[in-house]
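Working notes, beginning with the structure itself.
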Amino acid sequence: MPANQFTASFRRVTRSAGVAIALALVSQTGAANPSEKAAELANAVCAACHGNNGLSISDTIPNLAGQRATYLENQLRALRDGSRKSGVMNAIATQIPEAELRGLAAHYAAMPGAQVGSGRSTPLATLAGSKMAFPSDYREKFQHYLTMNFPATRQVRKFFASPSLLENIAAGQTPAEGAAVLVEVYAAQLDDKRQPVMGTDGFFQAEKLLFYTGMAVGKGWGESIPAMLRNGDWQYAVFGQDRSPRQGFSQGECLACHKPLESTHYLFTQKSLAETRAKRL
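Straight run, no breaks: the sequence shown in the working numbering ends on number 359.
Written out as C-alpha cells, the structure reads:
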C-alpha cells in the first residue's frame, strides 16, 4: 500500500476507533431489551477508549457522555449505510440492529457531559500496558522490510520483522508465538520552510528517534481481550527512546484499528512482508 493511502487509512481508522470499541459487542448480546445491556457493554468494552463515565482516555478520542441520543443514532446509521466512511465502523455498524443502536445511544445521552477541566479516564485494566517485551536484539535478528514517510506528522518510520513472522507469512500460516514487528519512529529533518527533507532514496531524512511501536504474538495473549476487539493473540506496545514501555498506554485503539484486517493476519504491511521474504529466497 502506498504511504499516502496507508496514512489516510490509518487516520480514518483511529478517528473512528473509539466509537468502534464502544459499540462493537452490541450485536453479540442477543438481549431482549437492549437498554438493559447498555451499561454492561459500556463498562466492559466501551470504557476501553471512552472510560467508565463516557469521558475518553485520550485527546484523540471523542467523549460520548452527554451527547444527544439523536446525534449518536444518526452517526451510527450513517456508518451502517456507508454514507459516512470508516475503515473500522462501516463493517461493525452493519451488525448493529436498530433497537440495540438506540439503546446504547440513550445510555450515553443520559450521562452528564464533561465539565471544564475534566481529566482523562483511566484505561481498562485488561487493555492497559502490554505483554510484549522490547526485542533488544532486533537490529541483529529482525529483518528491515519497509520504510514509510508520514507527511502529516513529519515522520519517517522503519519497520522490522522477526524471522518467524517472515516464515509464517511466506508459508501462508497464521503468525505464531514469537512473531513480532517493531517500528522505529523518527522525526524528519526539516528545511527552512519547515518541510521534511527528502533523501536520495525517496524517504524523509531521519533526524531524531522519537519512540518505537510494536506488535507481537504470544500464546493465549488474546484470551483476556473482548472477542470483538481481539486480534488473535496479537498484543500491541509503545516504547520510549529508552526502550521502556510507555506509561498510560492502552491497546484499545490499536486493537480496533487492526480489527478489520483479519484476512491479512491483522497486519497493514503483510504485502511488504511477503515481498521481502520472496526476495530472500
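Beta carbons are placed, not taken as given, at the ideal position from N, Cα and C, and that holds for glycine.
Checking 8 Å against the spacing of the C-beta atoms, do residue i and residue j come in under that value?
i       : j       : result
Ala-147 : Ala-187 : yes
Tyr-223 : Thr-342 : no
Val-363 : Gly-207 : Given that the chain is displayed from residue 79 to residue 359, the structure contains no residue 363 and the question cannot be resolved.
Asn-246 : Ala-257 : yes
Glu-255 : Leu-287 : no
Pro-253 : Val-316 : no
Ala-248 : Ala-352 : yes
Phe-282 : Asn-227 : yes
Ala-171 : Glu-151 : no
Lys-219 : Pro-241 : yes
Leu-307 : Ala-284 : no
Ala-192 : Leu-154 : no
Compare the Cα-Cα distances from residue i to each of the options and report the closest residue.
i       : options                               : result
Arg-198 : Asp-137, Ser-350, Glu-340 and Glu-285 : Asp-137
Met-189 : Arg-272, Arg-155, Asn-141 and Arg-162 : Asn-141
Glu-114 : Thr-172, Glu-151 and Glu-178          : Glu-178
Asp-447 : Ala-156, Gln-251, Asn-131 and Phe-238 : A query on residue 447 cannot be resolved here, the shown segment of the chain reaching from 79 to 359 and no further.
Asp-159 : Ile-174, Tyr-149 and Gln-145          : Ile-174
Asp-311 : Phe-289, Lys-337, Gln-319 and Arg-321 : Lys-337
Cys-332 : Val-275, Asn-131, Gln-313 and Met-306 : Gln-313
Ala-122 : Gly-280, Ala-203 and Lys-209          : Ala-203
Asp-320 : Lys-209, Asp-279 and Pro-213          : Pro-213
Thr-200 : Leu-157, Val-194 and Gly-129          : Gly-129
Ser-350 : Thr-225, Thr-278 and Ile-135          : Thr-225
Leu-339 : Asn-309, Leu-157 and Thr-278          : Asn-309
Tyr-149 : His-185, Met-276 and Asn-131          : His-185
Lys-209 : Lys-357, Gly-277, Phe-346 and Gly-298 : Gly-298
Please check the pair residue i and residue j, which I expect to be a contact at CB under 8 Å, by giving their CB distance rounded to whole angstroms.
i       : j       : result
Ala-126 : Leu-205 : 5 Å
Ala-120 : Gly-181 : Actually they do not touch by this definition, with Cβ atoms about 11 Å apart.
If we define contact as Cβ-Cβ less than 8 Å, is residue i a contact residue for chain B?
i       : result
Asn-121 : No chain B appears in the structure shown, which is made up of a single protein chain.
### Message
Quick test of the definition: if touching needs 3 or more C-beta pairs under 8 Å, does the region 218–238 touch the region 260–267?
### Response
Between the region 218–238 and the region 260–267 there are three or more inter-stretch CB-CB distances shorter than 8 Å, so the stretches are counted as touching.
### Query
Going along the chain, which unbroken runs of the beta strand (DSSP E) with 3 or more residues stay wholly within the region 282–332?
Counting whole runs of 3 or more residues, the region 282–332 contains the beta strand (DSSP E) stretches 284–295 and 312–317.
### Query
With a cut-off of 8 Å, do at least 3 Cβ pairs link the region 319–327 to the region 296–307?
The region 319–327 makes no contact with the region 296–307; the number of CB pairs closer than 8 Å stays below 3.
### Message
List, from N- to C-terminal side, the alpha helix (DSSP H) runs of 4 residues or more that fit wholly inside the region 225–281.
### Response
If only complete runs of 4 or more residues are kept, the region 225–281 shows the alpha helix (DSSP H) at 241–248, in order along the chain.
### Message
Could you tell me which whole alpha helix (DSSP H) segments of length 4 or greater appear in the region 143–167?
### Response
Qualifying alpha helix (DSSP H) stretches, in chain order: 147–159.
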